[in-house]
Structures are given as structure tokens and as C-alpha cells.
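Worksheet: the structure to be examined is printed underneath.
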Amino acid sequence: MCHCSHNDPQSAVDLTRVWRPDDEQKPAPVNPGGTELYRPDILETIEQKIAELDSELRELSLDIHAHPELGYEEYYAHDAYTAFMTKHGFAVDKQFKLETAWRATFEVGSGGRTIGVNSEMDALKGIGHACGHNLIGIAGVAIAIAIRAALEKHNLSGKIVLLGTPAEEGGAGKVALLEKGAYEGMDACLMCHPAPGPVGSVSLSSCLALDRLTAEYTGHTAHAALSPWEGKNALDAAVLGYNNISALRQQLKPTHRVHGIFEGRDWAPNIIPDFARFVSYVRAPNVKEMLDTAKRVLPCFEAAALATGCEVKIDRSNSLFDIRQNKALGDEVANIVLNKYGAIDYTWGISSASTDFGNVTYALPSLHPGFAIPTVVDGGNHTIAFAQAATTIEAHNACLDVSKALAATGVRVLIDDAFFAEVKRTFEEDKSLRGL
Numbered sequence: 001m002c003h004c005s006h007n008d009p010q011s012a013v014d015l016t017r018v019w020r021p022d023d024e025q026k027p028a029p030v031n032p033g034g035t036e037l038y039r040p041d042i043l044e045t046i047e048q049k050i051a052e053l054d055s056e057l058r059e060l061s062l063d064i065h066a067h068p069e070l071g072y073e074e075y076y077a078h079d080a081y082t083a084f085m086t087k088h089g090f091a092v093d094k095q096f097k098l099e100t101a102w103r104a105t106f107e108v109g110s111g112g113r114t115i116g117v118n119s120e121m122d123a124l125k126g127i128g129h130a131c132g133h134n135l136i137g138i139a140g141v142a143i144a145i146a147i148r149a150a151l152e153k154h155n156l157s158g159k160i161v162l163l164g165t166p167a168e169e170g171g172a173g174k175v176a177l178l179e180k181g182a183y184e185g186m187d188a189c190l191m192c193h194p195a196p197g198p199v200g201s202v203s204l205s206s207c208l209a210l211d212r213l214t215a216e217y218t219g220h221t222a223h224a225a226l227s228p229w230e231g232k233n234a235l236d237a238a239v240l241g242y243n244n245i246s247a248l249r250q251q252l253k254p255t256h257r258v259h260g261i262f263e264g265r266d267w268a269p270n271i272i273p274d275f276a277r278f279v280s281y282v283r284a285p286n287v288k289e290m291l292d293t294a295k296r297v298l299p300c301f302e303a304a305a306l307a308t309g310c311e312v313k314i315d316r317s318n319s320l321f322d323i324r325q326n327k328a329l330g331d332e333v334a335n336i337v338l339n340k341y342g343a344i345d346y347t348w349g350i351s352s353a354s355t356d357f358g359n360v361t362y363a364l365p366s367l368h369p370g371f372a373i374p375t376v377v378d379g380g381n382h383t384i385a386f387a388q389a390a391t392t393i394e395a396h397n398a399c400l401d402v403s404k405a406l407a408a409t410g411v412r413v414l415i416d417d418a419f420f421a422e423v424k425r426t427f428e429e430d431k432s433l434r435g436l
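Position 150 (the sequence shown) corresponds to 150 in full-length UniProt numbering; numbering is contiguous.
Okay, structure coming up:
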């Protein structure tokens, strides 16, 4: 939704371009409800700062979008973001713990708390920024700079740590950074993500936990026509593993997902393949369910090896957790959005996708709202249409609106002791309910 025209939430968007499951759904209206805003003067400062940055952020977003890079290869994005944050007075650590990661920090006063923010950078193979990471990147920048402006203007204390996190798409960059201590010292962490949904809405849904299972089959080559009985067909083994999972799938819950692809090397139609790889993702609403389903998938791979006489090596790495949306942080963002920018939902967002930020939410109080951007029917995340949608002015404005709500929430984490105590309480309460 356009941040410059809240009186008419439909004025800045072409409704024929709104992604929706049916033709009846309308864009979500602005809801003027909610409770009283905390420190509206701080929110006003944040809004003014982000308005000042608008054209710079737009230019940065389009620049990143025009230079898509795969995970752990985000060299252009690394340099663009670190130059931008240096220009705006932040202390910048390049190549922070990972080659394309970076950190930008700013501290006002002393003895205050620390708020963390994330900017993602990577794109998708062949389809560029089809998950809108150019928008996620500038959102982190906007949040960090707006929090700084509020702290300085209102004589408040606190520290901002903005992380540039690589390789969200399949590389688990945040998991690597978490293991290397990049999140140590943060009292809470914030970020956001674009997705389809009713225009003008911000989603506080969770996402699916994910386990990556890679089965590598080793067989024996042979002439496929002259003497095929001499071979052990690794491709057959991979295909059988796939088919075994297909048979299992009808016994899985509808909220669970198992999907994957075949990979090989030196394949030729007249040679029995001696190597094949099946890369699969197992997803479920939470870590426990994901692990339970993964246990049922593993025998599918093993049975395929037994049937074909091949050897199988199964690798499990970089499991991603579901998002634990912190209730106190979420309630604060919801209140700001409902009062100022749009509507809240708990269904859309990236509810059926997965993110490495889920692991961060298990480590410390965190929030990862989705924000709806207009796109075409069947043009959701990981499509060329979504990559195009991520360049629109409507998407840019929606990104800045959720950034304002997150920045104001971040400031409250830093300065409101009672609110931060509630953030910690709800984090521990959720942990207890999950049996963690």
C-alpha cells in the first residue's frame, strides 16, 4: 500500500494486478482501530527520516535488483550496502564472519540495550530477485537509520546492529552467522519479507521448518546395450527413492511437504550411470513434526539403494526452524500498522515457505512479519512475475510502511523497560509451550 496516500488505500494500486485466490477478495482496508500508540512523537520522527531517505532507498533497491547474485556470491550487494551505511555514519565491518556478510553498528548514549536488524541480499538462480530480497535489504537499512534518528533526536540510549546476511535461498546464511556468534549481544532482532496477500496488509504468520536431505547413490557403469547386467544403476536408485516418497506422500499430513530434484555427473544415454544425487526438502509446521516426517523419508532412500544394489550416503545439513514470532513484538507492530498503515493477518506472508531466520527466532526474541505487495495471479514468490513486482512503486511503499512499524517497535525495545520485560516473558512462555 502506498505510504503517501493512506486515506485511499486503493488509489495507488492497479487492482487487476493483485494476487488473490479468487476474484471476490478485495484489498485489505486500513483499520483505524488498535490501542493508543506508544510515543507518537518517536513514530513521527521515524516517518520523517524514512521520507527523507525515500529516493535513496528506491535507488538502492533497484540497483540491487538489477545485479542479482546467488548465495555467498553477493559481492556487489556487499559493497553497495556497506558503502551506503558508511555514507550514513554507521561503523561498518566488511566481510563480517562470512565473505559476503557485513555488519553496520551505531550506538547512542551508553548502557542501553541492543536491537538487531537483518538485511538479506541473495537472489535465485535464473529468475533473479524473485523473492524480493532487494526490498528486505532496504527495509533493514531503513529500520536501522530511522532508529538512529529517533534515538538522537529524543536523547535516548541504545545500540543498533544491522547484519547483512547472505545465502538465505538454500545456503542457511543466518544459521552460519548464528553459529559464528554474529547475533550475540542482541536483545531482540527484527526483519521483514514481501509476499503475496491482500494489499495493505502485514502478516504475522509463522513458516514451515525444513530439513535438507541429500541421498547420493553410487553404482557401477556398464554399456547400457551391450552388457547392462554388469552395471548398478544409480539413476534408477534415485528415481526409486523419489517414487517411494511419492507413495509415502499420501500418508503425510496436508501441512507437510516433501519435494526435490535429481542431479548427476557425466551422464550419457548409452552408459549405466554410476552416480546420482537426489536433493530433497522435508517441511512441516514445526521442528518436531519436521523431524518426525524426515524419519519416514529416510527409509525411502535406503530401500531404493537395496533394490538396485547401489550404495547410498545420506547427508542432513542446515535444518531450518519455523518462525517463533515474539508475541509482544508482534502485538506492537500490529498496533502501529492498524493505527497508521493497513491491516494485520495471521494467514498469508510466508506461512508455507521456510527461512533461515527461523533459527534466529529460537535463539532470541525476534519478529519476521510479511508485507503484501501487488502481483499477478499465480505470480507469488519464486516466480519471474514476483521479481517484476519487487520493482514496483507499490512494493517499495509497502516495504517502507512496515519498516516504520518495525523501527518504532525497535525503539520501544531499547527504551521501555516494561515492554522489554514482556518481550522476554513471551519468549520464555513460548519456549515452555513448545517444550524447549
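Note that CB positions come from ideal geometry on N, CA and C, so glycine has one too.
| query | result |
| --- | --- |
| What residue from Glu394, His65 and Gly170 has the CA that sits closest to Gly132's CA? | His65 |
| Does DSSP classify Gly140 as helix, strand or coil? | helix |
| Once DSSP output is grouped into helix, strand and coil, what is the label at Gly379? | coil |
| Can you name, in chain order, every residue of its own chain whose Cβ lies under 6 Å from the Cβ of Phe96, other than the five neighbours on each side? | Trp102 and Arg103 |
| Could you name the residues of the same chain whose beta carbon sits closer than 6 Å to that of Met85, not counting the 5 residues immediately before and after it, in chain order? | Val92 and Ala104 |
| Checking 9 Å against the spacing of the C-beta atoms, do Glu120 and Ile143 come in under that value? | no |
| Determine the DSSP secondary structure at residue 462, reduced to helix, strand or coil. | Residue 462 is absent from the structure shown; the chain starts at 1 and stops at 436. |
| Tell me the DSSP secondary structure of Gly109 in three-state form. | coil |
| For Ser119, does the three-state DSSP call read helix, strand or coil? | strand |
| What three-state label does DSSP hand residue 437 in the structure shown? | Given that the chain is displayed from residue 1 to residue 436, the structure contains no residue 437 and the question cannot be resolved. |
| Can you tell me whether Gly181 is helix, strand or coil according to DSSP? | coil |
| With DSSP as the reference, identify every bridge partner of Leu367, one or two as the case may be. | Leu190 |
| With a Cβ-Cβ cutoff of 9 Å, do Ala353 and Cys189 count as a contact? | no |
| Here's the rule I'm using: 16 or more other beta-carbon atoms within 10 Å means buried, otherwise exposed. How should Thr347 be labelled? | exposed |
| Going by DSSP, what residues sit across from Phe278 in a beta bridge? | Ala215 and Phe262 |
| For the candidate residues Ala328, Tyr341, Ala234 and Glu394, whose alpha-carbon lies nearest to that of Glu302? | Ala234 |
| When we look at the beta-carbon of Asp41 and count the other beta-carbons within 10 Å, is it buried (16 or more) or exposed? | exposed |
| Would you kindly work out how many angstroms separate the C-alpha atoms of Gln25 and Glu394, rounded to a whole number? | Confidence in Gln25 is poor, its pLDDT being 47 and thus under 50, which makes the residue's placement too unreliable to answer from. |
| Determine the burial state of Ile261: buried for a count of at least 16 other Cβ atoms within 10 Å of its Cβ, exposed for fewer. | exposed |
| In this structure, does DSSP put Ala343 in helix, strand or coil? | strand |
| Is the Cβ-Cβ distance between Val360 and Tyr81 less than 9 Å? | no |
| Of the choices Val117, Leu98, Thr255 and Asn270, whose alpha-carbon is the least far from that of Pro369? | Val117 |
| Could you tell me how far apart the beta carbons of Leu367 and Gly309 are, in whole angstroms, since I believe they sit closer than 8 Å? | Leu367 to Gly309, Cβ: 51 Å. No contact. |
| Using DSSP bridges, identify the partner residues of Thr165. | Glu120 |
| Excluding sequence positions up to five away, which residues of its chain have a Cβ less than 6 Å from the Cβ of Thr35? | Asn335 |
| Given that a residue counts as buried once 16 or more other Cβ atoms are within 10 Å of its Cβ, and exposed if not, what is Lys134? | Looking at the sequence shown, residue 134 is not Lys but Asn. Buried is the call here. |
| For Ser227, count neighbouring Cβ atoms within 10 angstroms of its own Cβ and tell me buried if that reaches 16, exposed if not. | exposed |
| Terminal residues of the continuous alpha helix (DSSP H) containing Asn318? | That residue, Asn318, is in no alpha helix (DSSP H); its beta strand (DSSP E) goes Glu311 to Leu320. |
| On the three-pair Cβ rule with 8 Å, is the stretch 147 to 164 touching the stretch 105 to 115? | yes |
| In angstroms with no decimal places, state the Cα-to-Cα distance between Ile245 and Ile50. | 49 Å |
| Does the stretch 411 to 426 come close enough to the stretch 168 to 175 to have 3 or more Cβ pairs within less than 8 Å? | no |
| Is the stretch 383 to 392 touching the stretch 202 to 220, taking contact as three or more C-beta pairs under 8 Å? | no |
| Extract the residue ranges of the alpha helix (DSSP H) inside the stretch 73 to 110, only unbroken runs of 4 or more that lie entirely within it. | 75 to 87 |
| What are the complete alpha helix (DSSP H) segments, minimum 4 residues, inside the stretch 383 to 416? | 384 to 389 and 393 to 415 |
| Could you tell me which residues DSSP pairs with Ile271 in its beta bridges? | His223 |
| If I follow the unbroken beta strand (DSSP E) through Ser203, where does it start and stop? | Ser201 to Ser203 |
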